[in-house]
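Colleague: In the working numbering, the protein residues as written are 417 to 815.
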Ligand code: ACO
């Protein structure tokens, strides 16, 4: 029964559901998630099949359009994205240059996404499907350029323009790492691994960031501003920021011998095992399984990340410990992804940015769905627990 129907049956009823533990926020045809069974599907396709056989751009098409593209549609889509990879030069020279030299790239990304709104005033017309589609393409195309620019700025390296002869993921790697002309030659194994990670992160139904996108979008704010709010939510350590925290945690544990003491501290309430637990998954996160397999392929190229042994030991100890078993705490997508990013050379500060880049496809798809459903503005009620009405007391009469 929907809340609306319930209110008609019992006038005056309100449902209290702090943190939306049991609320279905919307009807959505995008992503299916069965947390007990450890199942994730985009538009009906199992995540395992997409990770093995698809590419990020094809998955982005699938999310946005609802169906897999045929060859001609995929080519047109790829060309459309390539057309929009550049950032306005003022954006880079004037806007990004204003940040402090050691600004966190996630903070830069959040502000940069909102600032993009000022370059595309037509985006305010959220009711026109053609305008919406243009912004969707722009956002998927430009966020990797923005993300790489944030990194290059924060390490004092010159900005690298997009190379549209490369694939989506290779182009991002080029903008991150290119140091010499004529072009950056990406390692195919690493480029594919990153593409798989991008597929796994593309959407995850009504998570905290997507809720922010939908909430701001429901007020008909333009999609750049709404996505900036979504990215802000993602930056939190309980959400996308967890991948950065996992690496910091592994580094602070330092050695496999210290794992039992660390787990004892977690059980005593002295902190969390970052990268473990999930609001919806009460079973192994299916994305984490694929990330773990992807790690093996990456380490073949880069050499083994020494922190991997600590992560494996943590998983082994946690999964046989009653504290974690009884609470159904399993590794989530963030537990192993940071190890891959680190092995590939990404600084820890970029980890959440690497989550945000592919999640843009999910955000814009939810935004589009919300507008197509003509959803009302999100406006929950509250249980007021404050003071009763009382009279104002002039300052001189207050003790
Ligand atoms: N380490 C230790 N204990 C944990 C952890 C953890 N990672 N996660 C949950 N618990 C415990 C809680 O302390 C609580 O114990 P209690 O019943 O004795 O009080 C119990 O498990 C239930 O946890 P909640 O916090 O109520 O679960 P909730 O669904 O609200 O939180 C969350 C989910 C935020 C993901 C949580 O598991 C967590 O903080 N994990 C670590 C951060 C993390 O990895 N976040 C990434 C999530 S995936 C993503 O956003 C992409």
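No residue lacks a Cβ here, since even glycine has one placed at the ideal position from N, Cα and C.
Whether or not the segment 737–752 and the segment 684–692 are in contact is what I'm after, with contact meaning three or more pairs of Cβ atoms, one per stretch, closer than 8 Å; do they touch?
Modeller: At 8 Å Cβ cutoff, the stretches touch.
Colleague: Please determine whether the Cβ atom of residue 748 lies at a distance below 7 Å from any heavy atom of ligand 1.
Modeller: Between ligand 1 and residue 748, a heavy atom-to-CB distance of less than 7 Å is present.
Colleague: Curious, which full-length alpha helix (DSSP H) runs of at least 4 residues does the segment 524–570 contain?
Modeller: 545–570
Colleague: Report the three-state DSSP secondary structure of residue 631 (helix, strand or coil).
Modeller: Reduced to three states, the DSSP call for residue 631 is helix.
Colleague: On a CA-only basis, which of 499, 496, 568 is nearest residue 512? Give me that one, please.
Modeller: Comparing Cα positions, the closest option is 568.
Colleague: Are the beta-carbon atoms belonging to residue 638 and residue 527 less than 8 Å from one another?
Modeller: Between residue 638 and residue 527, the gap from beta carbon to beta carbon reaches 8 Å or more.
Colleague: Verify whether the separation of the beta carbon atoms of residue 829 and residue 560 is less than 8 Å.
Modeller: Outside the displayed range of the chain (417 to 815) lies residue 829, so it cannot be described from this structure.
Colleague: Quick one: any contact between the segment 487–495 and the segment 784–792, if contact means 3 or more CB pairs under 8 Å?
Modeller: no
Colleague: Looking only at its chain, what residues have a beta carbon closer than 8 Å to the beta carbon of residue 716, apart from the 5 residues adjacent to it on each side?
Modeller: 605
Colleague: Where residue 545 and residue 594 are concerned, what is the direct C-alpha to C-alpha distance, given to the nearest angstrom?
Modeller: 37 Å
Colleague: Which first and last residues belong to the alpha helix (DSSP H) in which residue 603 is found?
Modeller: Taken as a continuous stretch (DSSP letters only), residue 603 belongs to no alpha helix (DSSP H), as it is neither H nor E.
Colleague: Is residue 655 a contact residue of ligand 1, with contact defined as CB to any heavy atom under 7 Å?
Modeller: yes
Colleague: Measure from the alpha carbon of residue 555 to the alpha carbon of each residue in 571, 570, 572, 536, then state which is nearest.
Modeller: 536
Colleague: Give the DSSP-derived three-state secondary structure of residue 787 in the structure shown.
Modeller: helix
Colleague: Tell me the rounded alpha-carbon separation between residue 538 and residue 552.
Modeller: 13 Å
Colleague: Would the beta-carbon of residue 626 fall within 8 Å of that of residue 472?
Modeller: no
Colleague: By a C-beta neighbour count over all protein chains shown, 10 Å radius and 16 as the cutoff for buried, is residue 753 buried or exposed?
Modeller: buried
Colleague: According to DSSP, simplified to helix, strand and coil, what is residue 450?
Modeller: strand
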